[in-house]
Amino acid sequence: MTGSKIRHVTRFAPSPTGLMHLGHAHAALFAQRAAGPEGRFLLRIEDIDVTRCRPEFVDAIYQDLAWLGLTWETPVRRQSEHLDDYWEALEQLAARRLLYPCFCTRKEIEEEIARAGGAPHGPEGQLYPGLCRHLDGRERRDRIARGEGHAWRLDVERAAAEVGPLEWRDLGRGRQTADPLALGDVVLARKDIRTSYHLSVTLDDALQGVTLVTRGEDLMPATAIHRLLQALLELPVPEWHHHGLLLDDGGRRLAKRDAAMTLRALREAGRSSAEVRALAGFSD
Numbered sequence: 011m012t013g014s015k016i017r018h019v020t021r022f023a024p025s026p027t028g029l030m031h032l033g034h035a036h037a038a039l040f041a042q043r044a045a046g047p048e049g050r051f052l053l054r055i056e057d058i059d060v061t062r063c064r065p066e067f068v069d070a071i072y073q074d075l076a077w078l079g080l081t082w083e084t085p086v087r088r089q090s091e092h093l094d095d096y097w098e099a100l101e102q103l104a105a106r107r108l109l110y111p112c113f114c115t116r117k118e119i120e121e122e123i124a125r126a127g128g129a130p131h132g133p134e135g136q137l138y139p140g141l142c143r144h145l146d147g148r149e150r151r152d153r154i155a156r157g158e159g160h161a162w163r164l165d166v167e168r169a170a171a172e173v174g175p176l177e178w179r180d181l182g183r184g185r186q187t188a189d190p191l192a193l194g195d196v197v198l199a200r201k202d203i204r205t206s207y208h209l210s211v212t213l214d215d216a217l218q219g220v221t222l223v224t225r226g227e228d229l230m231p232a233t234a235i236h237r238l239l240q241a242l243l244e245l246p247v248p249e250w251h252h253h254g255l256l257l258d259d260g261g262r263r264l265a266k267r268d269a270a271m272t273l274r275a276l277r278e279a280g281r282s283s284a285e286v287r288a289l290a291g292f293s294d
């Protein structure tokens, strides 16, 4: 990805739920290089998870990226400061009867799947079994009026029927057919906050003018839902490039929960930024 003709707007969008590791460095450097010498590289802080995001991790993101030699445009968009944007989009979808409230707890969903002897599987695991999909309008209103906690799910089958067939283009894999039904009725607004990853990332990319979404190949299945939301909300359609993941010695992708070697630890151990860039797959 070199040459003066490349002028993409790309973004790196970490969640401040822990310290960044080499996998994050690879993703950030990939996005910056994909923008091209005349393009724009954006940083976005995806901090909607109010129970896990911490201010100190936001500061660490800035420090680690600057140490790697990256620069980005300011101000940085922080999702927690733009919840009204996501709620407005939700209201549009609700007005078209494409959402329904889901009162299920995780335990209730697991119990229903067990009673049914299992649930259909999608690329991200078992699909929601639809417990709340067919509740009548009066019961929904009464339960909400009683203050029962609820998420908002997208009726994917109805939404997909409304927009028809969808495609998208991956720079590494070519033209793709979107299959949003494979992920089931995804949550667009969680019980504890008025949005979710699927909704906020799709809307943010449009609002920020992102023309090329770069991210790990583990997120490729989610693109079908994002493409569906773009069609429903009449948002511009970017290109994508889902890149490979850095793996540990056991063949598992690097992750915060596995205590993967952090960029801070590498820096404190005396590694130079050039060495870490090389470990992340980007030699100077």
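Going by our numbering, the first residue of the sequence shown is number 11, and it counts up by one from there. Virtual Cβ for every residue (Gly too), placed ideally from N, Cα, C. As the structure is a computational prediction, the values presented were derived from the model and not from experiment.
- The C-beta distance from L222 to V19 rounds to 7 Å, short enough to meet the 8 Å contact threshold.
- Between the C-alpha atoms of R156 and T61 there is a straight-line separation of about 25 Å.
- Every beta strand (DSSP E) of 3 residues or more that sits fully in the segment 200–287 is shown, in chain order, as 222–226, 249–253.
- In the three-state reduction of the DSSP assignment, V196 falls in the coil class, being assigned neither a helical nor a strand state.
- By the CB criterion at 7 Å, S210 and I58 fall inside the cutoff.
- Annotation for E177: the continuous beta strand (DSSP E) segment containing it runs 177–180.
- At the C-beta level, C112 and R163 come within 7 Å of one another.
- According to the DSSP assignment, I154 belongs to the alpha helix (DSSP H) that extends over 147–155.
- Less than 7 Å divides the Cβ of D74 from the Cβ of M30.
- Secondary structure at F67: helix, using DSSP grouped into helix, strand and coil.
- In this structure, the straight-line span from the alpha carbon of A37 to that of L191 is close to 28 Å.
- In terms of Cβ geometry, V196 and H208 form a close pair [threshold 7 Å].
- By the neighbour-count criterion, in which a residue is buried when 16 or more other Cβ atoms sit within 10 angstroms of its Cβ, A279 is exposed.
- By the criterion of at least three beta-carbon pairs nearer than 8 Å, the segment 223–239 is not in contact with the segment 74–86.
- For a cut-off of 8 Å, the C-beta gap from G33 to L264 is around 4 Å, short enough to register as a contact.
- Secondary-structure assignment with DSSP links A161 through a beta bridge to C112.
- Nearest neighbour of L52 by Cα position, chosen from T224, E249, R116, turns out to be T224.
- When E121, T115, R179, R185 are compared, the shortest CA-CA separation from E158 is found for T115.
- Around the beta carbon of R17, fewer than 16 other beta carbons sit within 10 angstroms, so the residue counts as exposed.
- In the structure shown, the three-state DSSP call for R125 is helix.
- DSSP, reduced to helix, strand and coil, places F40 within a helical segment of the structure shown.
- By the beta-carbon neighbour count (other beta carbons within 10 angstroms, threshold 16), S293 is exposed.
- Rounded to whole angstroms, the separation of the alpha carbons of V286 and F67 is 19 Å.
- Within the same chain, Cβ atoms closer than 6 Å to the Cβ of M230 are found at H252, the five residues on either side in sequence being excluded.
- Looking at the backbone, the Cα of P133 and that of Q186 are separated by about 15 Å.
- DSSP places V19 in the uninterrupted beta strand (DSSP E) bounded by 19–22.
- The three-state secondary structure of R87, taken from DSSP, is strand.
- Spatial neighbours of T205 in its own chain (CB-CB distance under 8 Å, excluding positions within 5 residues in sequence) are listed in chain order as I58, Q89, L93, Y96, W97, L100, L198, A199.
- For R185, the uninterrupted beta strand (DSSP E) segment begins and ends at 184–187.
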